[in-house]
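What follows is a set of notes on a single structure, which appears directly below.
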Amino acid sequence: MDSIPIDSTDAPINLWWQRDDLSFHHDRLFLGQCDLSELASKVGTPAYVIRAPRVLEKLNSLHSAFDKAGLDHRIFYAIKANRSPKLLTYLASQGLCGADVCSPAELIQALSCGFPEEDISFTGTSLSSQDINTLAKFDRLRINLDSLSALERMGQASPGREIGIRVNPDIGIGYTGNEMLQYSGIEATKFGIYLDRLPEAIALAKKYDLKIVRVHFHAGCGYLNRELNQLADVIAASKAFTEALPDLRELNIGGGLGVPHTKDDTLLNLDRWAEVLADAFSGSKLKIAVEPGDFLIKDAGILLTEVTYIEQRKDIEFVGLNAGFNLAMEPAFYGLPCEPVPTYLSRNETRNFTLVGNVNEALDKWAVNHPLPAPEEGDVIALINAGGYASSMRSDHCLRGDVKEVLLLK
Ligand SMILES: Cc1ncc(COP(=O)(O)O)c(C=O)c1O
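1023 is the number of the first residue of the sequence shown in the numbering used here; add one for each residue after it.
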């Protein structure tokens, strides 16, 4: 890139999200080497765009943090965050991570994109007997079972195998404490075996000669630096499980590592994160596994949309986009902040707009009172942080689910 990214102090909008590979050059927004408004005119909108090398940078940064902390580790990419075959094939070819899957169909997707069976970790929930019988056929799959019932049925289908158990540490964690993002906490949740039923799990394993070699938990999603003390508490709570299992080789701490969503968030400090793990585990023989989705993929992707109209209604100036909440559900479902960014930085007056989508539902709002240089119809707007849980959760509501997908390799 031959020009210098725009200086945040001159910009008509807050560029808190700007980084080396996502920035304005001569007022045009680039993701890697790709001019996003030019891409939109070639492929059309709406379009998901993922920059694959960003995912590798994130993977390498995680490996480095683990190495620095002296922790034996494994990384499994949670494909539920984005299961695009192009992306998975790319990641499988790089050899930096395995895959975390949560259903038999995700298992087949990961295998068919090139992840070897022994590099795939399975943690699902509410498994049917058909699910169990399918999974039992894969004897090198690293399967983690999350209920006594699943343990019993797996024991019957595949006695004598090595397994992991998903446990519930009874403490949750999530972006800004958002309760909807916490998988564990005050009320009982469906995720994993609680400590009071661990003896029953051990007895079932013994009955079917299953060897429990892994403990797994996933306490919630989107945590950043302010939540690291809570992570330490979750890990401390997991010790009651790990200490009761003599054959244990691995602790899988799930995913949940977050990315910034607003100017008030800071990047997760991976060295501090790894220190929390090292404080608990250095000196132990356990391998630490992690299965991030969002951390690896979310900020590598954007959703390109086009402005359909701009209109004043009462005291609100609306900007309509040709993409609805069905294409990136987290803002509507979980209240996660969404950041619409112009792909061309005009010098029009910056005002506050409410950005809405093209689906006939009242919750179809991207952002309220969001500052933008006044856009025009046909302008291309990028919704950043759309790499994770956008395409994978999309629906075809109102038959508005047809979207292009582009994988950038530079
Ligand atoms: C068991 C498990 N592992 C990993 C993940 C990935 O989480 P994240 O994308 O927040 O890292 C999830 C997300 O729901 C999960 O349920």
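C-beta atoms are modelled at their ideal positions from N, C-alpha and C, and glycine is treated no differently.
Chain-order list of residues whose beta-carbon lies under 7 Å from that of residue 1053 (same chain, five-residue window excluded): 1043, 1044, 1071, 1073, 1324 and 1430
Residue 1123 by DSSP, collapsed to three states: which one? strand
Residue 1420 - DSSP class collapsed to helix/strand/coil: helix
Near residue 1132, which residues of its chain fall below 7 Å by C-beta distance, leaving aside the five closest residues on each side in sequence? 1101, 1110, 1121, 1123 and 1142
Which runs of the beta strand (DSSP E), 3 residues or longer, sit entirely within the stretch 1259-1329? 1272-1274 and 1309-1312
Is it buried or exposed, residue 1240, if we count other Cβ atoms within 10 angstroms and call 16 or more buried? buried
For residue 1023, which residues of its own chain have a beta-carbon under 8 Å away from its beta-carbon, when the five flanking residues on both sides are left out? Only weak support is given to the placement of residue 1023: the predicted model assigns it a pLDDT of 48, under 50, and the question is left unresolved by the model.
Please report the Cβ distance between residue 1088 and residue 1296, rounded to the nearest whole angstrom; I am assuming they are in contact, meaning their Cβ atoms lie under 8 Å. 6 Å
Would residue 1256 and residue 1215 qualify as a contact pair, given that the criterion is a beta-carbon distance under 8 Å? no
List in chain order the residues whose CB is within less than 5 Å of at least one heavy atom of ligand 1. 1100, 1103, 1145, 1240, 1243, 1276, 1277, 1278, 1313, 1314, 1315 and 1316
Span of the beta strand (DSSP E), counted from its first residue to its last, around residue 1390: 1387-1395
Would a C-beta distance cut-off of 8 Å place residue 1308 and residue 1350 closer than the cut-off? no
Measure how close the beta-carbons of residue 1145 and residue 1168 come, nearest whole angstrom, since I'm counting them as under 8 Å. 7 Å
Buried or exposed for residue 1165, going by 16 or more other Cβ atoms inside 10 Å? buried
Can at least three beta-carbon pairs, one atom from the stretch 1193-1204 and one from the stretch 1219-1236, be found at a separation below 8 Å? no
Taking residue 1273 as the reference, which of 1302, 1221 and 1155 has the closest Cα? 1302
Give me the Cβ distance between residue 1191 and residue 1148, rounded to the nearest whole Å; I'm assuming they're in contact under 8 Å. Between residue 1148 and residue 1191 the Cβ distance is about 20 Å, and since that is not below 8 Å, they are no contact.
Residue 1060 at chain D interface by Cβ criterion, 8 Å: No chain D appears in this structure, which consists of one protein chain only.
Nearest by alpha-carbon distance to residue 1252: which of 1096, 1206 and 1176 is it? 1206
Please check the pair residue 974 and residue 1065, which I expect to be a contact at CB under 8 Å, by giving their CB distance rounded to whole angstroms. Since the first residue shown for the chain is 1023 and the last is 1432, residue 974 is missing from the structure and cannot be characterised.
Length-filtered (3 minimum) beta strand (DSSP E) runs lying within the stretch 1190-1266: 1233-1238
If you run the structure through DSSP and keep just helix, strand and coil, what is residue 1414? helix
Same chain, Cβ closer than 8 Å to residue 1136, neighbours up to 5 away in sequence not counted: 1110, 1111, 1114 and 1115
Could you check whether residue 1332 and residue 1383 sit closer than 8 Å to each other, using their CB atoms as the reference points? no
Output yes or no for whether 8 Å exceeds the beta carbon distance between residue 1245 and residue 1208. no
Expected contact under 8 Å - CB spacing of residue 1237 and residue 1264 to nearest Å: 5 Å
Who are the Cβ neighbours of residue 1389 in its own chain at under 6 Å, not counting the five residues just before and after it? 1360, 1362 and 1377
DSSP puts residue 1057 in a beta bridge; with which residues? 1052
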